[in-house]
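Visitor:
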Amino acid sequence: MPARCAGRRRPVLSPVPDGVTVVASFEKAERLRERKKPDPLLILEPLQEYLDEHGLGEGDLLWGRLGLQSTSGTFHLQRDEGFQVVLKRRLGGPQPSEVMDLQTEVELLKMLRGHGLHSPEILHECNDPSIIGAPFYLSAFLPGEAAIKTVPRGLDSVEEKVGMSRRAIDDLARIQVEITPDEVKRFDRGGGELRKMVLESKRMARQLKMRRIPGFEILGEYLLENSPESRPSVICHGRYAMQNLLFGPRPPASITGIFGWERATASDPLMDLGYFTATYAAKDLPETPLDTAVVTREEDGFLSRNELSNVFRIATHMETHDLPWFQTFSLWREAVRLEEMFERLMNKEAVPNKAFALSLRDGVPQILANAAHFSQVEGVEAIVN
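Each number in the numbering used here comes from the position in the sequence shown (counting from 1) with 1064 added on.
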């Protein structure tokens, strides 16, 4: 599920909890549990005490939400003028198998920072779940904005929009080129083999019971029968998209931060490019809930999907003729996961974002139709039988 609030535009900070995701005390958190509400993600009073004990800032604690995904919550924290950090934690409950634990994520971010690959400095790690209900880490707050609904300030010329598009792909290529094979092996969790990934999602699709959507089976069979030959693995972000890129505040367009690494693993070099281009909002395909940044559709000047692919091919000297398979796979796999979320909503179970989950009624069939478009697979329509 895309992060619905991951714009990384500086949020409004407040000392007042919202009473839902952020509460003041353990007593307030317990009241939520008594009402069968989801556990809060921040508990301000014990967190402030913890920060005091470790010399992390002074004064009142202000907070603002940066992102809330299906697996993690991210918050901007501020105390005094010299203390601004980002807190990240996992959500409660079991995590999907492809989501790494928080400690491994920290190790990955440190490695990326060592290569100068736009990862923030890790300032503190807390493995004690008793403070806010889960382990968390604090990282430096980076300046900049993401291009999601609007173009970042100062980058609204056609030249800079082209620059943002090109920089997104050039930096993806840098990640693949600069991280060594030995470093890649450290984060290989054994799930990056293509046929294995297809079979895992096919297994998940067979467990969907509420709606009959032929596209799941049609595309699953196509992907299994046409899996490309495996290439040497690289570090794959897992959700590499415009919404997870932070652009600097001044031209020329530059990336200051790449976020959302919790699904990173070792896999095929075209996996991230497939996800980026398949979820890239453009006028050539109908909108879906997976469009990660509507600004690239609504504003003139951003590169097309084909132009993005050409930038990658030139930067990596890699042929991209298999890219349609990866685009189809990316959308099909996400459609399986999102249909499972829609079923939970229909069964009156908790979901991270109810409005987003409601959009999946028509959104999932359209995602499958767009997936079929990339590989020209027939028989997949944006309707439910």
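Positions of the beta carbon are idealized from the N, C-alpha and C atoms, including for glycine.
Evaluate residue 1440 with the Cβ neighbour count: other Cβ atoms within 10 Å of its Cβ, from every protein chain shown; 16 or more gives buried, anything less gives exposed.
Guide: Against the sequence shown, residue 1440 aligns to sequence position 376. Classification for residue 1440: exposed.
Visitor: Can you tell me the Cα-Cα spacing of residue 1083 and residue 1389, whole angstroms?
Guide: Your numbering for residue 1083 matches position 19 in the sequence shown. Your numbering for residue 1389 matches position 325 in the sequence shown. When rounded, the distance between both Cα atoms is 45 Å.
Visitor: Out of curiosity, what's the CA-to-CA distance linking residue 1072 and residue 1207?
Guide: Taking the sequence shown and counting its residues from 1, one reaches residue 1072 at position 8. Taking the sequence shown and counting its residues from 1, one reaches residue 1207 at position 143. Because the pLDDT at residue 1072 is just 48, under 50, the model does not fix this residue reliably, and the point stays unresolved.
Visitor: Mark residue 1427 as exposed unless 16 or more other C-beta atoms lie within 10 angstroms of its C-beta, in which case mark it buried.
Guide: Translated into positions along the sequence shown, residue 1427 becomes position 363. Label assigned to residue 1427: buried.
Visitor: With distances taken from CA atoms, which of 1312, 1349, 1422 and 1358 is nearest residue 1446?
Guide: Mapped onto the sequence shown, residue 1446 falls at position 382. It is 1349 whose Cα lies nearest to the Cα of residue 1446.
Visitor: Keeping to the same chain, check which residues put their C-beta closer than 6 Å to that of residue 1067; ignore five residues upstream and five downstream.
Guide: As a first step, residue 1067 is located in the sequence shown; it is residue number 3 there, counting from the start. Per-residue confidence for residue 1067 stands at a pLDDT of 41, beneath the threshold of 50, marking its modelled position as unreliable; the derived number appears in the next sentence. Contacts found: 1131 and 1133.
Visitor: By the three-class DSSP mapping on this structure, what secondary structure does residue 1114 have?
Guide: In the sequence shown, the residue the question calls residue 1114 occupies position 50. Reduced to three states, the DSSP call for residue 1114 is helix.
Visitor: With three or more beta-carbon pairs closer than 8 Å as the criterion, would you say the region 1157-1173 touches the region 1116-1128?
Guide: No, they do not touch.
Visitor: Pick helix, strand or coil for residue 1152, following the three-state DSSP scheme.
Guide: Translated into the one-based positions of the sequence shown, residue 1152 becomes position 88. Reduced to three states, the DSSP call for residue 1152 is strand.
Visitor: Is the beta carbon of residue 1232 closer than 8 Å to that of residue 1306?
Guide: Taking the sequence shown and counting its residues from 1, one reaches residue 1306 at position 242. Taking the sequence shown and counting its residues from 1, one reaches residue 1232 at position 168. Yes, Cβ-Cβ distance for residue 1306 and residue 1232 is below 8 Å.
Visitor: Which runs of the alpha helix (DSSP H) fall wholly inside the region 1383-1420 and span at least 4 residues, in chain order?
Guide: List check, alpha helix (DSSP H) in window: 1387-1410.
Visitor: I need the boundaries of the beta strand (DSSP E) containing residue 1189, first residue and last residue.
Guide: Counting from one through the sequence shown, the residue named residue 1189 turns up at place 125. Note, residue 1189: beta strand (DSSP E), 1186-1190.
Visitor: Would you identify the three-state DSSP class for residue 1209, choosing helix, strand or coil?
Guide: As a first step, residue 1209 must be located in the sequence shown, where it is residue number 145. If DSSP states are grouped into helix, strand and coil, residue 1209 belongs with the strands.
Visitor: Could you spell out where the beta strand (DSSP E) holding residue 1322 opens and where it closes?
Guide: Within the sequence shown, the letter at position 258 stands for residue 1322. Note, residue 1322: beta strand (DSSP E), 1319-1322.
Visitor: Quickly, what does DSSP pair residue 1329 with across the bridge? List them, please.
Guide: As a working note, residue 1329 is residue 265 in the sequence shown. Paired residue(s): 1300.
Visitor: Between the beta-carbon of residue 1139 and the beta-carbon of residue 1108, is there less than 8 Å?
Guide: Reading the sequence shown from its first residue, position 75 is the one you call residue 1139. Reading the sequence shown from its first residue, position 44 is the one you call residue 1108. The answer is no: Cβ separation not under 8 Å.
Visitor: Name the residue from 1312, 1158, 1257 and 1296 whose alpha carbon lies nearest to the alpha carbon of residue 1220.
Guide: Position 156 of the sequence shown holds residue 1220. Of the listed residues, the one whose Cα sits closest to residue 1220 is 1312.
Visitor: Quick one: what does DSSP say residue 1107 is sitting in, helix, strand or coil?
Guide: As a first step, residue 1107 must be located in the sequence shown, where it is residue number 43. Correct three-state label for residue 1107: strand.
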